[in-house]
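Below: one structure, written as structure tokens.
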Ligand code: NAP
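Residue numbers (the working numbering): 614 to 897.
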């Protein structure tokens with residue numbers, strides 16, 4: 614693929630991505646933003662796509678009406694119009710591409726690559742997610758993290774980094790996992806360890822709980838044992854790991870904290886997307 618890359622639509626992560634590409638020597642054009650947002654916005658789609666075979670869209674780039682998501686632009690660009698302007702040797706790269714968008718690209722033989730489930734992207738993205746979760750806790754709590762008994766459910770990419778960050782802040786950290794290998798890893802990292810299926814027996818002991826498990830582990834049985842002065846931050850993607858309606862009924866404070874890298878750290882999130890895109894281009 615050539616050095617010319619078109620960044621189309623999305624939010625400030627995409628601007629940071631374009632800036633990063635330019636710093637790395639690519640010729641990046643940007644379209645789908647109001648001109649006041651960034652100095653290098655192309656005024657027309659034709660100009661933005663000119664000479665480019667690589668088009669980078671944002672995360673969840675296409676809405677139900679099949680328009681490209683452009684929250685920072687007054688205009689509208691339909692996915693059909695975008696695709697009509699591309700030749701079959703173009704490649705579209707984006708995150709969480711919908712089946713209908715992929716089908717549209719396939720009709721014109723345009724290759725689509727989704728980075729959302731790539732390991733390089735998910736591992737790098739875990740850090741701003743963990744840091745964002747701690748930011749939310751600090752924003753909401755009236756006491757320090759260092760004085761908290763913290764529970765992290767799930768010891769995957771986010772769980773590991775979050776536990777380490779909480780520990781370095783001086784918190785008393787417990788993690789849960791379902792595999793004995795992960796229980797061993799939690800113990801050797803210096804945290805207390807429990808199996809996730811014993812949550813109902815241990816949750817009453819914690820001031821602050823971070824869930825990273827994408828399955829409803831905080832069900833009625835578990836929530837009944839959570840203290841009403843505990844704060845639960847659910848990081849797992851929708852539908853999440855907490856029965857929020859029941860938590861409200863019980864008076865437990867919860868927050869479903871989604872898309873934290875993009876919302877809190879758009880520059881870091883954009884750099885992570887840029888690094889991932891470059892990995893994809895190198896693999897091609
Ligand atoms: P991960 O590395 O796959 O870790 C998930 C953890 O949950 C693992 O410990 C896994 O255990 C455990 N788990 C999964 N299903 C389970 C179940 N049914 N019962 C018990 N344990 C289960 O994922 P991650 O990268 O840490 O991401 C965690 C979640 O956060 C995902 O939903 C992801 O989409 C989301 N996310 C959120 C944000 C945000 O801003 N809030 C940002 C990025 C990602 P095993 O290893 O045994 O499977």
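Where a beta carbon is used, it is the ideal one built from N, C-alpha and C, also for glycine.
Q | Straight-line Cα distance separating residue 896 from residue 726 | A | 12 angstroms
Q: Can you tell me which of the three DSSP states residue 658 falls into?
A: helix
**Q.** beta-carbon residue 873 near the ligand NAP non-hydrogen atom, thresh 7 angstroms
**A.** yes
Q. Given that a residue counts as buried once 16 or more other Cβ atoms are within 10 Å of its Cβ, and exposed if not, what is residue 716?
A. exposed
Q. In three-state terms, what does DSSP make of residue 673?
A. coil
Q: Compute the distance between the beta-carbons of residue 904 and residue 762, then report whether it is under 8 angstroms.
A: Since the displayed the chain opens at 614 and closes at 897, residue 904 lies outside it and no answer follows.
Q.
On the CB-based measure, 16 or more other CB atoms within 10 Å of its CB, does residue 759 come out buried or exposed?
A. exposed
Q: Examine the ligand NAP and report whether any of its heavy atoms sits within less than 7 angstroms of the Cβ of residue 776.
A: no
**Q.** Cβ-based neighbour list, residue 833, same chain, cut-off 8 angstroms, excluding 5 preceding and 5 following
**A.** 856, 859
Q.
Out of 852, 767, 861, which one is the CA nearest neighbour of residue 837?
A. 861
**Q.** Buried or exposed by the 16-neighbour rule on C-beta atoms within 10 Å, applied to residue 819
**A.** buried
Q | Euclidean distance between Cα positions of residue 790 and residue 732 | A | 20 angstroms
Q) Using a Cβ-Cβ cut-off of 7 angstroms (strictly less than) and excluding sequence neighbours within five positions of residue 748, which residues of its own chain qualify? A) 877
Q: Could you tell me whether the Cβ atoms of residue 704 and residue 757 are closer together than 8 angstroms?
A: no
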